[in-house]
Amino acid sequence: MKAFTRHCGLVAPMDRANVDTDMIIPKQFLKSIKRSGFGPNLFDEVRYRDEGQPGQDCSKRPINPDFPLNFPRFKGASVLLARKNFGCGSSREHAPWALEDYGFNAVIAPSYADIFYNNCFKNGLLPVILTEEQVDILFKEMDAQEGYQLAVDLPAQTVTSDSGHVFHFELDEFRKDCLLKGLDEIGLTLQDSDAIRQYETERAAQHPWVFGAIK
Amino acid sequence: MAGRTLYDKLWDSHLVKQNSDGSSLIYIDRHVLHEVTSPQAFEGLRLADRRPWRLDTNIATPDHNISTDKAEREAGVAGMVDEVSRIQVQTLDDNCDLYGIKEFKINEMGQGIVHVMGPELGATMPGMTVVCGDSHTATHGALACLAHGIGTSEVEHVLATQCLVSKKMKNMRVTVNGTVGVGVTPKDVVLAVIGKIGTAGGNEHAIEFAGSVFRDMSIEGRMTVCNMAIEAGARVGMVAVDQKTIDYCEGRMFVPKGDLWNQAVDYWQTLTTDENAVFDTEVELRGDDIAPQVTWGTSPEMVAPVTEFVPMLDEQPTDEKRQGLERALDYMGLVGGQAITSIKVDRVFIGSCTNSRVEDMRAAAAVAKGRHVASSVKQVLIVPGSQMVKAQAEAEGLDKIFIAAGMDWREPGCSMCLAMNADKLGAGEHCASTSNRNFEGRQGNGGRTHLMSPAMAAAAAVAGHIVDVRTFKEVVS
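Chains A and B are the protein sequences, given in the same order.
Position 77 (the first sequence) corresponds to 72 in this note's numbering; numbering is contiguous.
Position 174 (the second sequence) corresponds to 235 in this note's numbering; numbering is contiguous.
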């Protein structure tokens, strides 16, 4: 898995609450059997003026000039500033794949939907949680300053702006550790194979109907 | 000592290992797979030279992007018109064949929407942990399972290890006591709950639905409720075991028989919340206060009783609320203060993992019987949730009622709930839909979704606009 330690980059906004994963990556792109290539279709329905199709060359499509990611000043952004309950709805991991493929390394929002939040960590994408007030401050600073950047430091658990704000954020220890080291989580779990087998033996004695039914 | 909640009991009985960093290794009893979120997981297994940990835990079926058109379905996977979708379904077949995973293939009896299929085959049973790469996996919680959606990386993790690294959620109880009125269905109850707590109200929680309204519901109705826990932000929704749960399970394909059945029932009867258990969050509604519900906006929390009106911009308490409402009304082509019943519908969709079980078909047919679709309505899709639902509905003659009313009787699949196949809305079209999400573009680019119950959707099809099904006298009596 891709590791994350520190990242400093250009900030782009997604200034609405409850952004759902259907909006992050619409359903027609879920037909792919690959993990990559979703970046050109990130936020497809609000980013382009036409209806996108899988496999299409997006460079020739009419863009929505009112959508911030299409503004020249946000070209090359790698930190997404968002509002509460980001990533709600469908469990599609294609959402963090699309954000990552587009070039985002971190998302900053006051809250996330549970499944999306969990999926981000599997893909080296850091979902930072700040308070609504802190996120408001960052939105205002970004609006006022072209080329606005933020530095996200995972070991220190801080977001730092050029203006000198240093905001601390919280996350679970195990998620932090996996992301810092880019650990293979399956490999880690397989180190507990004996414990899993022992559990299965005990469970099969108690609840034998759970095993062997489906053939 | 405080008692344990149903969720606590399910969690404790699946704990393989408690790690020092606060995470836990949780054992997964049942893993349900479909074509959209599994191919990258199987590819990951192969790249790492790993194999599935256990085969008899997995059950697969294609549902998300298959056609519901009879002629196209009869041609099987090879006949799928959309090449990209065909490759995805073929990939599921190939992966299941390669590893020996039980799959109900595209036209096989047993195939259906994953969350209809699992319970009706008895593949999901009380007390199990159930996961699937789909957020509506909470549906299975109606059988007192700990069931939730996962991403594709976790699909691979479960395939390879039969476990997930998890963190325990908080306990929430949603209690609805009293009695619901005639014409008020499980869909209306859960929409009312979402309207009350909001689309993020259940974040980080597992919800147990308790109280007389859920006790009085059928298991299918409880599935409708648990299905939409995720629309309130909760990955998990559950209802405790009672006699209905046990009666529902008895005799199904993968459920144990004989002594093993008796042993299972003894255990299942313990799957209730202890009286002195404490919940982190408690929510209460009165069943008697709930009217048929309809969503008017672009989030399931944007919902109102059918007797009411679209909210007014100048009544919003905060700028954020006003901006959100303005954007939603603009997208939906509605104005504040408009009566919900004044909304005209262009298409109607009755189906999805929320409302495609046989009792949903019966409720829709009761309204459609002897009536006809309004001339202004372009299409009414009736999509049974599984081959078994389809067969049962046809045995009861429901298909003939729908067809006589001018509705389309289709083949089982997810269909217009997420519009991955050809069933979709055109830009600007309003749809009375029994599905679960009214997000922008969910049912087709520019489409406008109004969530409601099967009876309400059938009534809208007949009237040509949203209408209170309680005005259909013979349905109510």
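Note that CB positions come from ideal geometry on N, CA and C, so glycine has one too.
Delimiting residues of the beta strand (DSSP E) encompassing residue i
i: residue 307 (chain B); result: Run containing residue 307 (chain B): none in the beta strand (DSSP E); it sits in the alpha helix (DSSP H), 304 to 310.
i: residue 443 (chain B); result: 440 to 443
i: residue 95 (chain B); result: Per DSSP, residue 95 (chain B) belongs to no beta strand (DSSP E) and is neither H nor E.
i: residue 231 (chain B); result: 231 to 238
i: residue 148 (chain A); result: 144 to 148
i: residue 181 (chain A); result: Segment 180 to 185 is the alpha helix (DSSP H) holding residue 181 (chain A); no beta strand (DSSP E) there.
i: residue 228 (chain A); result: This structure cannot speak to residue 228 (chain A), because chain A is shown only from -4 to 210.
i: residue 543 (chain B); result: Since the displayed chain B opens at 62 and closes at 538, residue 543 (chain B) lies outside it and no answer follows.
i: residue 410 (chain B); result: 408 to 411
i: residue 355 (chain B); result: 354 to 356
Boundaries of the alpha helix (DSSP H) in which residue i is found, first to last residue
i: residue 385 (chain B); result: 380 to 393
i: residue 177 (chain B); result: 175 to 181
i: residue 288 (chain B); result: 280 to 288
i: residue 448 (chain B); result: 448 to 456
i: residue 146 (chain B); result: 144 to 160
i: residue 419 (chain B); result: 419 to 429
i: residue 193 (chain A); result: 188 to 201
i: residue 137 (chain A); result: 127 to 139
i: residue 113 (chain A); result: 109 to 116
i: residue 134 (chain B); result: 131 to 135
i: residue 214 (chain B); result: 213 to 222
Member of the options whose CA lies at the smallest distance from the CA of residue i
i: residue -3 (chain A); options: A:5, A:38, A:36, A:116; result: A:116
i: residue 69 (chain B); options: B:121, B:449, B:234; result: B:234
i: residue 306 (chain B); options: B:143, B:187, B:99, B:66; result: B:187
i: residue 213 (chain B); options: B:64, B:200, B:192; result: B:192
i: residue 285 (chain B); options: B:428, B:201, B:220; result: B:201
i: residue 98 (chain B); options: A:119, A:22, A:47; result: A:22
i: residue 267 (chain B); options: B:231, B:260, B:289; result: B:231
i: residue 75 (chain B); options: B:246, B:371, B:208, B:441; result: B:208
i: residue 17 (chain A); options: A:200, A:98, A:177, A:82; result: A:82
i: residue 112 (chain B); options: B:93, B:128, B:160; result: B:160
i: residue 350 (chain B); options: B:366, B:259, B:388; result: B:366
i: residue 202 (chain A); options: B:525, B:326, B:534; result: B:326
i: residue 448 (chain B); options: B:168, B:309, B:229; result: B:168
i: residue 399 (chain B); options: B:148, B:516, B:371; result: B:371
Contact set for residue i: own chain, Cβ-Cβ below 8 Å, skip 5 residues either direction
i: residue 273 (chain B); result: 237, 238, 239, 240, 348
i: residue 31 (chain A); result: 92, 96
i: residue 112 (chain A); result: 82, 122
Within-7 Å CB hit, residue i to chain A
i: residue 506 (chain B); result: yes
i: residue 68 (chain B); result: no
i: residue 481 (chain B); result: yes
i: residue 262 (chain B); result: no
i: residue 206 (chain B); result: no
i: residue 162 (chain B); result: no
i: residue 224 (chain B); result: yes
i: residue 212 (chain B); result: yes
i: residue 152 (chain B); result: yes
Any chain B beta carbon closer than 7 Å to residue i
i: residue 97 (chain A); result: no
i: residue 119 (chain A); result: no
i: residue 131 (chain A); result: no
i: residue -3 (chain A); result: no
i: residue 221 (chain A); result: Here chain A comprises residues numbered -4 to 210, so residue 221 (chain A) is not present and cannot be evaluated.
i: residue 103 (chain A); result: no
i: residue 194 (chain A); result: yes
i: residue 224 (chain A); result: The displayed coordinates of chain A run from -4 to 210. Any statement about residue 224 (chain A) would go beyond what the structure contains.
Residues near residue i by beta carbon distance below 7 Å, same chain, minus five either side
i: residue 165 (chain B); result: 122, 171, 172, 178
i: residue 217 (chain B); result: 102, 105, 106
i: residue 20 (chain B); result: As displayed, chain B neither begins before 62 nor continues past 538, which places residue 20 (chain B) out of reach and without an answer.
i: residue 328 (chain B); result: 188
i: residue 163 (chain A); result: 152, 153
i: residue 129 (chain A); result: 162
i: residue 131 (chain B); result: 472
Spatial neighbours of residue i in its chain, beta-carbon cut-off 6 Å, leaving aside the 5 residues before and after
i: residue 86 (chain A); result: 110
i: residue 343 (chain B); result: 234
i: residue 98 (chain A); result: 73
i: residue 15 (chain A); result: 83, 84
i: residue 68 (chain A); result: 141
Within 8 Å, do at least three Cβ pairs link the stretch 481 to 492 of chain B to the stretch 451 to 462 of chain B? no
Taking contact to mean at least 3 C-beta pairs separated by less than 8 Å, is the stretch 238 to 248 of chain B in contact with the stretch 302 to 316 of chain B? No: fewer than three Cβ pairs fall under 8 Å.
Contact between the stretch 468 to 481 of chain B and the stretch 329 to 345 of chain B (3+ Cβ pairs under 8 Å): no
Is it the case that the stretch 496 to 512 of chain B contacts the stretch 412 to 425 of chain B, given that we only count it when at least three CB pairs across the two stretches are under 8 Å? yes
Segment contact, 8 Å Cβ cut-off, at least three pairs: the stretch 401 to 408 of chain B with the stretch 275 to 292 of chain B: no
Pairing CB atoms from the stretch 134 to 154 of chain B with CB atoms from the stretch 243 to 263 of chain B, are three or more of them under 8 Å? Below 8 Å, too few C-beta pairs join the stretch 134 to 154 of chain B and the stretch 243 to 263 of chain B to call them touching: fewer than three.
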